[in-house]
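Below: the structure, in structure tokens.
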């Protein structure tokens, strides 16, 4: 019987890299090559996990052998006794049309913005919203004083997925009800309408009529994780890949799973060096180190820092991320093109890269800098580009899944993060024969880049040094090829799938033997 492995991340989505990419690759490799029965586990609420799963599978990121288990979908499926009822289908058919009998309809916004308002004898009754592809997403209902009373949210399959009830004064949610495909309410969440925090959660069992009450999401999620693990024939491995969920995993029954915790990034707050404050979301995980079966970090230097500060309990393991060679790339370098792939977030230091590129353009006027990603910092970055008059040289390209195509065009990728854990994009670049220029930050960049051989390391914040190295690369195409080849050979030998997966398997075996 194959061993059961769960990999926990709070939410999983299509347009996510970083940790999401790591667990997608790790789950595929352990499942496809080594025969483990692996599933991903998420705790958030989304109505479209079926679509997310299908898209990730179609894109080749999620193995067909690996499923995504979500807490809401688990209990929705568990409490569903069959298919949609005929009256549900008839109701959706009736309400999903624009011109509904018995109402005066304001429909002038329908074509462009996909919504309409419905009136009876002058009174505003409801508001309908459709998706761009034409399915009804929700209906808001109003009382005689024009206060929003409730919302019905529809699944693409045509049934009510969730109902939300609103406080009449604040217009904020005060209760959520979640439904199965055949109309059974399996979950109710009571909310404080002033701050949005959960007051109580009620879980309903359709068969036994039992009602479980929880004070908060943590209690609810711990209950599910225990139930999920108890269902397994043999004690499973649960890898907690999101530090925000560590407190929930710590609160589980220790007998139901081998619990493995991971740290994917620098655990220090600014300035991100030893002695700095611990990041708030890492405090619980690290202060409970002595009670944990295993903590996995990505580099020896991070292990040393953690052991030095929190104690050596012989339970901290170093397992780096492996590189998945990109097969759909073809080197067709565009002269003087530089690339960055990163979230548009202040901690990624993209503003510093842009300012350094101003210096590059003075030496190499036709140099181009393409930045792929998305995030909250986009507007600020556009202003910086405009203020520096770099509109013809620096371009924010948005999120991409075509990593191979992007890397095949460039000469060098750069990284200006204020901190890192173990940058996967740098590994991917090097595997595609692309050298990397990076700030030398904790942790991992000095483990990935051999300075002067596979790329360059520069001191954090040294924009002049960064610009100088970029200029050097752009003016020496032969160096690009030489460094790129060295980078390719280095990462594929040190961070291969086989080597890294074997470290995971060794850890699994060790935990079983310790038990």
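Numbering (the UniProt record's numbering), first residue to last: 1 to 515. A virtual CB, placed ideally from N, CA and C, is assigned to each residue, including glycine. Computed from a predicted model, the values in this text were never measured in an experiment.
Reduced DSSP category for residue i - H, G, I as helix; E, B as strand; rest coil
{"i": "residue 352", "result": "helix"}
{"i": "residue 14", "result": "coil"}
{"i": "residue 189", "result": "strand"}
{"i": "residue 162", "result": "strand"}
{"i": "residue 173", "result": "strand"}
{"i": "residue 370", "result": "strand"}
{"i": "residue 455", "result": "strand"}
{"i": "residue 516", "result": "The chain is shown only over 1 to 515; residue 516 falls outside these bounds and no answer can be derived."}
{"i": "residue 495", "result": "coil"}
{"i": "residue 167", "result": "coil"}
{"i": "residue 470", "result": "helix"}
{"i": "residue 409", "result": "helix"}
{"i": "residue 81", "result": "coil"}
{"i": "residue 511", "result": "helix"}
{"i": "residue 360", "result": "helix"}
{"i": "residue 484", "result": "helix"}
{"i": "residue 428", "result": "helix"}
{"i": "residue 420", "result": "coil"}
{"i": "residue 404", "result": "helix"}
{"i": "residue 99", "result": "coil"}
{"i": "residue 443", "result": "coil"}
{"i": "residue 477", "result": "helix"}
{"i": "residue 207", "result": "coil"}
{"i": "residue 389", "result": "coil"}
{"i": "residue 346", "result": "helix"}
{"i": "residue 194", "result": "coil"}
{"i": "residue 433", "result": "coil"}
C-alpha gap between residue i and residue j, whole angstroms
{"i": "residue 70", "j": "residue 158", "result": "21 Å"}
{"i": "residue 189", "j": "residue 139", "result": "20 Å"}
{"i": "residue 62", "j": "residue 263", "result": "22 Å"}
{"i": "residue 356", "j": "residue 467", "result": "5 Å"}
{"i": "residue 78", "j": "residue 239", "result": "24 Å"}
{"i": "residue 133", "j": "residue 88", "result": "21 Å"}
{"i": "residue 11", "j": "residue 95", "result": "31 Å"}
{"i": "residue 476", "j": "residue 250", "result": "53 Å"}
{"i": "residue 279", "j": "residue 144", "result": "49 Å"}
{"i": "residue 341", "j": "residue 425", "result": "7 Å"}
{"i": "residue 353", "j": "residue 269", "result": "21 Å"}
{"i": "residue 105", "j": "residue 276", "result": "60 Å"}
{"i": "residue 65", "j": "residue 383", "result": "45 Å"}
{"i": "residue 5", "j": "residue 232", "result": "10 Å"}
{"i": "residue 334", "j": "residue 434", "result": "12 Å"}
{"i": "residue 307", "j": "residue 445", "result": "20 Å"}
{"i": "residue 350", "j": "residue 422", "result": "18 Å"}
{"i": "residue 479", "j": "residue 473", "result": "7 Å"}
{"i": "residue 91", "j": "residue 100", "result": "12 Å"}
{"i": "residue 42", "j": "residue 9", "result": "5 Å"}
{"i": "residue 141", "j": "residue 149", "result": "6 Å"}
{"i": "residue 224", "j": "residue 512", "result": "23 Å"}
{"i": "residue 599", "j": "residue 17", "result": "Examination of residue 599 is not possible in this model, given that the chain is present from 1 through 515 alone."}
{"i": "residue 39", "j": "residue 68", "result": "6 Å"}
{"i": "residue 217", "j": "residue 201", "result": "8 Å"}
{"i": "residue 508", "j": "residue 93", "result": "51 Å"}
Paired residues, beta bridge with residue i - DSSP
{"i": "residue 518", "result": "This structure does not reach residue 518, given that the chain is present from 1 up to 515, and the question cannot be answered."}
{"i": "residue 516", "result": "No information on residue 516 is available, as it lies outside the stretch 1 to 515 that the chain covers here."}
{"i": "residue 341", "result": "372"}
{"i": "residue 396", "result": "371"}
{"i": "residue 5", "result": "38 and 237"}
{"i": "residue 104", "result": "119"}
{"i": "residue 178", "result": "162 and 187"}
Contact test: residue i Cβ vs the ligand NAD heavy atom, cutoff 6 Å
{"i": "residue 181", "result": "Among the components modelled here there is no ligand, and therefore nothing to report on the ligand NAD."}
Which complete beta strand (DSSP E) runs does the region 291-337 hold, if anything under 3 residues is left out?
294-297 and 316-318
Counting beta carbon pairs with one atom in the region 363-378 and one in the region 483-497, are three or more of them shorter than 8 Å?
no
Secondary structure, beta strand (DSSP E): runs of 3+ residues fully inside the region 106-158
115-120, 123-130, 136-142 and 148-154
Could you name each continuous beta strand (DSSP E) segment of 3 residues or more that falls completely within the region 28-72, going from the start of the chain to the end?
37-42 and 67-70
If we count Cβ pairs, one from each stretch, closer than 8 Å, do we get three or more for the region 41-58 versus the region 281-291?
no
Check whether the region 403-420 touches the region 437-447, counting contact only when three or more Cβ pairs, one atom from each stretch, lie closer than 8 Å.
yes
Three CB pairs or more closer than 8 Å across the region 339-351 and the region 297-317:
no
Extract the residue ranges of the beta strand (DSSP E) inside the region 229-304, only unbroken runs of 3 or more that lie entirely within it.
237-240, 258-262 and 294-297
Whether or not the region 320-338 and the region 396-415 are in contact is what I'm after, with contact meaning three or more pairs of Cβ atoms, one per stretch, closer than 8 Å; do they touch?
yes
Touch test, the region 155-169 against the region 178-188, Cβ-Cβ under 8 Å, three pairs minimum:
yes
I'd like to know if the region 493-508 and the region 27-36 are in contact, where contact means that at least 3 CB-CB pairs between them fall below 8 Å.
yes
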